[in-house]
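Chemist:
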Amino acid sequence: MIPIRCYTCGKPLIQYYDEFKKRVEAGEDPAKVLDDLGIERYCCRRTMLAAVDISKEIIKFSTKVYRW
Amino acid sequence: MPIQMLEETPISIKLLVKGYPLAVLNAIRRAALELCPKMAIDFVIVERNDSTLFNEVLAHRLAMIPLTSDEALDHYAPPEACAECDCRKVETGECTYEGKPCYATLYLDASADGKYKIVYTKDIISSDESIKPVYDNIPIVPLIGNQKVKLTAYARLGRGREHAKWMPATVAVVKPVLKDISVKETLCNEECQRECAEKCKEAFTMKDGKLTIKDGTTLSMVMYCIEYVCEGKGIRPVFEEDTYIFELETDGSLSARRTLKESARAIVQKLEALKRKLEEKAG
Ligand SMILES: [Zn+2]
Chain A
59 MIPIRCYTCG KPLIQYYDEF KKRVEAGEDP AKVLDDLGIE RYCCRRTMLA AVDISKEIIK
119 FSTKVYRW
Chain B
3 MPIQMLEETP ISIKLLVKGY PLAVLNAIRR AALELCPKMA IDFVIVERND STLFNEVLAH
63 RLAMIPLTSD EALDHYAPPE ACAECDCRKV ETGECTYEGK PCYATLYLDA SADGKYKIVY
123 TKDIISSDES IKPVYDNIPI VPLIGNQKVK LTAYARLGRG REHAKWMPAT VAVVKPVLKD
183 ISVKETLCNE ECQRECAEKC KEAFTMKDGK LTIKDGTTLS MVMYCIEYVC EGKGIRPVFE
243 EDTYIFELET DGSLSARRTL KESARAIVQK LEALKRKLEE KAG
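Quick mapping for you: the protein sequence lines, in order, are chains A and B. The numbering of the first sequence is my numbering, which starts it at 59 and goes up by one. The numbering of the second sequence is my numbering, which starts it at 3 and goes up by one.
1) Straight-line CA distance for Thr154 of chain B to Met41 of chain B?
2) Please list the segments of the alpha helix (DSSP H) lying wholly inside the segment 160-206 of chain B, counting only runs of 4 or more residues, in order along the chain.
3) Would Val136 of chain B pass as a contact of Pro68 of chain B if the rule is Cβ separation under 9 Å?
4) Put Arg238 of chain B into one of helix, strand or coil per three-state DSSP.
5) With hydrogens ignored, establish whether the beta-carbon of Arg161 of chain B is closer than 8 Å to any heavy atom of ligand 1.
6) If you measure from the beta carbon of Gly68 of chain A to each beta carbon in chain B, is any gap under 9 Å?
7) Let me make sure I understand the geometry here. Which of B:Tyr156, B:Glu131, B:Met66 has the alpha-carbon closest to that of Lys69 of chain A?
8) Ignoring anything shorter than 4 residues or poking outside the segment 66-95 of chain A, list the alpha helix (DSSP H) runs there in chain order.
9) Is the shortest distance between the beta-carbon of Ile126 of chain B and the beta-carbons of chain A less than 9 Å?
10) Taking 8 Å as the cut-off, does the segment 67-83 of chain B touch the segment 91-110 of chain B (at least 3 CB pairs, one atom from each stretch)?
11) To the nearest angstrom, how far is it from the Cα of Thr11 of chain B to the Cα of Tyr122 of chain B?
12) For Ile286 of chain B and chain A, any beta-carbon pair shorter than 9 Å?
13) Let me confirm a value: Gln6 of chain B is counted as buried when at least 16 other C-beta atoms fall within 10 Å, else exposed. Which label applies?
14) Can you look up Phe56 of chain B in the DSSP assignment and give me helix, strand or coil?
15) Which residue or residues does DSSP assign as beta-bridge partners of Tyr99 of chain B?
16) In the DSSP assignment, find the beta strand (DSSP E) that holds Val48 of chain B and state where it starts and stops.
17) Quick one: what does DSSP say Met59 of chain A is sitting in, helix, strand or coil?
18) I'd like to know whether the C-beta of Ile62 of chain A is nearer than 9 Å to at least one C-beta of chain B.
In structure tokens:
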């Protein structure tokens with residue numbers, strides 16, 4: 059899971075992540091997408107650019123749950 | 003003493019302030035960061051957590067979620083009132099101060115039902131209508147298979163000096179307004195100044211044989227020049243006297259206007275407390 063807020067300034071960022079990821083994967087320029095989303099400070103921009111969500115990869119290896 | 007509004011959105015505010023001392027503005031700025039109260043999840047009772055995130059990580063993520071607290075400021079007990087409370091009293095709902103409750107309760111109960119699923123803030127159920135996550139689509143925890151998360155979270159008012167999750171402001175800045183630059187003739191003669199103007203056409207221009215700044219030149223542009231090009235020898239920025247730009251941006255839990263008001267109120271409260279203490283000591 060990626061962090062909820064920017065490490066440096068504390069602006070909540072994660073709510074933009076899904077849209078950011080979708081648009082960048084579709085081939086848009088990340089700088090333009092960040093501008094569109096209203097993320098202007100460079101602390102927030104680097105948090106957003108550098109965030110990689112690996113939860114989907116590691117969740118496969120989670121312990122199996124046995125109900126009791 | 004006029005205060006001019008330059009920009010305003012619900013979560014950010016930009017003011018041009020004239021005639022107030024820097025100390026006052028800086029006090030308000032710092033109060034916005036560490037004294038203005040807001041709502042945040044304080045502790046979590048986890049009933050079931052099968053997810054890949056540990057309880058502590060989960061609790062931390064929950065605490066980071068901004069909660070709407072505009073109304074809560076009036077209806078909930080002040081942060082200091084809750085210092086003596088313990089968890090047992092909170093669970094039974096006994097925790098009150100002068101008729102006001104200390105804690106708001108939020109419930110989260112989610113299960114994956116056999117497939118990959120992300121639990122969002124919209125799945126949180128709040129006991130109080132006025133306290134809910136500001137954003138609906140903040141992912142909290144991923145689930146898979148028959149994993150399940152069930153927890154009760156307790157939110158209370160707090161101040162930023164206690165923990166950063168209670169900081170309503172993300173940006174609080176006071177900065178001076180650039181008026182002009184002064185050039186030391188002995189270190190930088192006209193030829194040297196012309197060289198400056200040629201090197202940086204965006205910021206500088208020559209006027210009557212003297213180096214001046216263009217319209218729209220910012221302080222950071224001039225400071226870059228001073229630090230890296232001229233190395234502080236010749237140019238120095240000149241600021242407008244007693245004029246400052248005050249910028250405030252919040253994380254959405256409080257409006258920028260409310261944050262400003264509450265910060266000012268927090269300072270007044272502090273001053274009054276100091277006055278009371280002094281009077282007590284003096285007798
Ligand atoms: Zn930031």
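Cβ atoms here follow ideal geometry from the backbone N, Cα and C, with glycine treated the same way.
Modeler: Taking the geometry as given:
1) 16 Å
2) 192-201
3) yes
4) strand
5) no
6) yes
7) B:Met66
8) 75-83, 88-95
9) no
10) yes
11) 26 Å
12) Past the boundaries of the shown model lies residue 286 of chain B; chain B is included only from 3 to 285, so the question cannot be answered.
13) exposed
14) coil
15) B:Lys102
16) 40-51
17) coil
18) yes
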